[in-house]
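Trainee: Shown below is the structure under consideration.
In this note's numbering, the protein residues as written are 46 to 333.
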């Protein structure tokens with residue numbers, strides 16, 4: 046990890062309303078009608094504070110590491126001199142920050158994949174940050190392909206960043222109410238795997254549709270008829286997929302059996318070489 050050379054607690058945030066940050070503001074406002082230049086500057090300032098907070102955590106951990114290293118004292122040993130290193134405690138960081146790409150998506154009010162807020166997404170972001178990559182490529186997983194544990198992690202973390210990314214309070218409430226409804230739905234813990242899968246896919250598609258539309262409350266309400274239609278669609282798709290896999294396995298087994306049968310049939314047709322017609326065996330017997 047690269048060392049910080051300047052205390053982030055003493056850094057003054059830049060003026061994002063100035064002409065020098067015109068391109069950065071323009072990136073946020075392109076294609077977003079409800080985002081004007083002043084609000085874009087505020088979002089850039091919010092993102093700066095996010096990075097500054099991360100740097101403060103790193104600065105504190107860096108200072109603690111230096112202090113621990115300074116306390117290392119030699120201890121005499123019968124065989125050689127060894128050093129007793131004190132183990133550092135767990136990190137005191139309360140906020141876990143996702144990729145800047147995810148924060149920009151949230152700041153623009155657009156659709157952002159939950160994967161960025163899962164442990165896997167945060168781990169890739171940390172690796173990219175430590176490596177110093179300017180434009181890292183993440184292996185983003187679509188919401189429909191996540192699991193319920195990742196859903197729980199992502200939703201709780203995303204809710205913390207909505208106010209920071211300047212979301213409207215009623216939009217935040219819409220999503221929180223929708224996620225509460227999803228978790229409380231009877232299919233969430235159903236014994237039928239197709240019901241659990243249908244509910245998960247439904248919430249993923251509904252949230253994406255809500256972002257692409259005019260943000261109506263109706264788009265974030267579970268409609269039982271649509272959910273049941275999705276259930277039959279998923280069940281049919283998964284059963285067809287499993288049937289196709291079973292047929293492929295059956296064909297593979299039949300092909301292997303055909304190879305074994307052909308080998309056995311060929312073995313029966315091979316001429317047997319008697320010892321009298323084998324000159325090598327005859328020489329061996331005469332030699333004895």
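A virtual CB, placed ideally from N, CA and C, is assigned to each residue, including glycine.
If you're wondering where the values come from, they're calculated on a predicted model, not measured in any experiment.
Does the Cβ of residue 292 have 16 or more other Cβ atoms within 10 Å, making it buried, or fewer, making it exposed?
Mentor: Exposed: under 16 other Cβ atoms inside 10 Å.
Trainee: How would you write the range of the alpha helix (DSSP H) that residue 61 sits in, first residue to last?
Mentor: Here residue 61 belongs to no alpha helix (DSSP H), and DSSP marks it neither H nor E.
Trainee: Evaluate the contact criterion for the segment 279-297 versus the segment 220-234: three or more CB pairs, one atom per stretch, below 8 angstroms.
Mentor: The segment 279-297 is not in contact with the segment 220-234.
Trainee: So what's residue 278 in DSSP terms, helix, strand or just coil?
Mentor: It is helical.
Trainee: In its own chain, which residues sit with a C-beta less than 6 angstroms from the C-beta of residue 200, not counting the 5 before and 5 after it?
Mentor: Contacts found: 224.
Trainee: Can you tell me whether residue 269 is buried or exposed, with buried defined as 16 or more other CB within 10 angstroms of its CB?
Mentor: Classification of residue 269: exposed, given that the 10 Å Cβ count is below 16.
Trainee: Can at least three beta-carbon pairs, one atom from the segment 163-170 and one from the segment 252-263, be found at a separation below 8 angstroms?
Mentor: Too few Cβ pairs lie closer than 8 angstroms, so no.
Trainee: Buried or exposed: which applies to residue 255, given that a residue is buried once 16 or more other Cβ atoms fall within 10 Å of its Cβ?
Mentor: By the neighbour-count rule (16 or more Cβ atoms within 10 Å), residue 255 is buried.
Trainee: Is the separation between the beta-carbon of residue 349 and that of residue 105 shorter than 8 angstroms?
Mentor: Absent from the model: residue 349. The displayed extent of the chain is 46 to 333, so no value can be given.
Trainee: Would the segment 154-164 and the segment 189-199 be scored as touching if the rule is three or more Cβ pairs under 8 angstroms?
Mentor: Yes: at least three Cβ pairs fall under 8 angstroms.
Trainee: Under a three-way DSSP split, which group does residue 182 fall into?
Mentor: Note: residue 182 maps to coil in three-state DSSP.
Trainee: Pick helix, strand or coil for residue 111, following the three-state DSSP scheme.
Mentor: Here residue 111 sits in helix by DSSP.
Trainee: Output the residue ranges of the beta strand (DSSP E) runs that lie fully inside the segment 195-237 and measure 3 residues or longer, sorted by chain position.
Mentor: Qualifying beta strand (DSSP E) stretches: none in this window.
Trainee: Determine the direct distance from the alpha carbon of residue 145 to that of residue 211, and round the result to whole angstroms.
Mentor: So the two alpha carbons sit approximately 15 angstroms from each other.
Trainee: Expressed to the nearest angstrom, what Euclidean distance is found between the alpha-carbon atoms of residue 52 and residue 63?
Mentor: Taking the straight line from one Cα to the other gives about 25 angstroms.
Trainee: Which same chain residues end up closer than 7 angstroms to residue 157 when comparing Cβ atoms and leaving out the 5 residues on each side of it in sequence?
Mentor: Same-chain partners within the cutoff: 147, 150 and 151.
Trainee: Using a Cβ-Cβ distance under 8 angstroms, would residue 214 count as near chain B?
Mentor: Absent here is chain B; the protein component of the structure consists of one chain.
Trainee: Thinking just about the alpha-carbon of each residue, which of 81, 246 and 190 is nearest to the one in residue 278?
Mentor: Closest by alpha carbon: 246.
Trainee: Quick one: what does DSSP say residue 135 is sitting in, helix, strand or coil?
Mentor: Low per-residue confidence applies at residue 135: pLDDT is 39, beneath 50, and the placement is therefore not dependable, though the value from the model is reported in the following sentence. Of the three classes helix, strand and coil, the one that applies to residue 135 here is coil, per DSSP.
Trainee: List the endpoints of the continuous alpha helix (DSSP H) containing residue 171.
Mentor: Note, residue 171: alpha helix (DSSP H), 164-176.
Trainee: Measuring alpha carbon to alpha carbon, tell me which residue in 183, 213 and 99 is nearest residue 155.
Mentor: Checked all of 183, 213 and 99; the closest Cα to residue 155 is 213.
Trainee: When burial is assigned at 16 or more other CB atoms within 10 Å of the CB, is residue 234 buried or exposed?
Mentor: Exposed, because fewer than 16 other Cβ atoms sit within 10 Å of the Cβ of residue 234.
Trainee: Applying the criterion that 16 or more other CB atoms from any shown protein chain within 10 Å of the CB defines a buried residue, is residue 220 buried or exposed?
Mentor: Classification of residue 220: buried, given that the 10 Å Cβ count is 16 or more.
Trainee: Have a look at residue 236 and residue 242 and give me their C-alpha separation to the nearest angstrom.
Mentor: If you take the alpha carbons of residue 236 and residue 242, they lie about 11 angstroms apart.
Trainee: Distance, Cα to Cα, residue 108 vs residue 175?
Mentor: Going from the Cα of residue 108 to the Cα of residue 175 covers about 18 angstroms.
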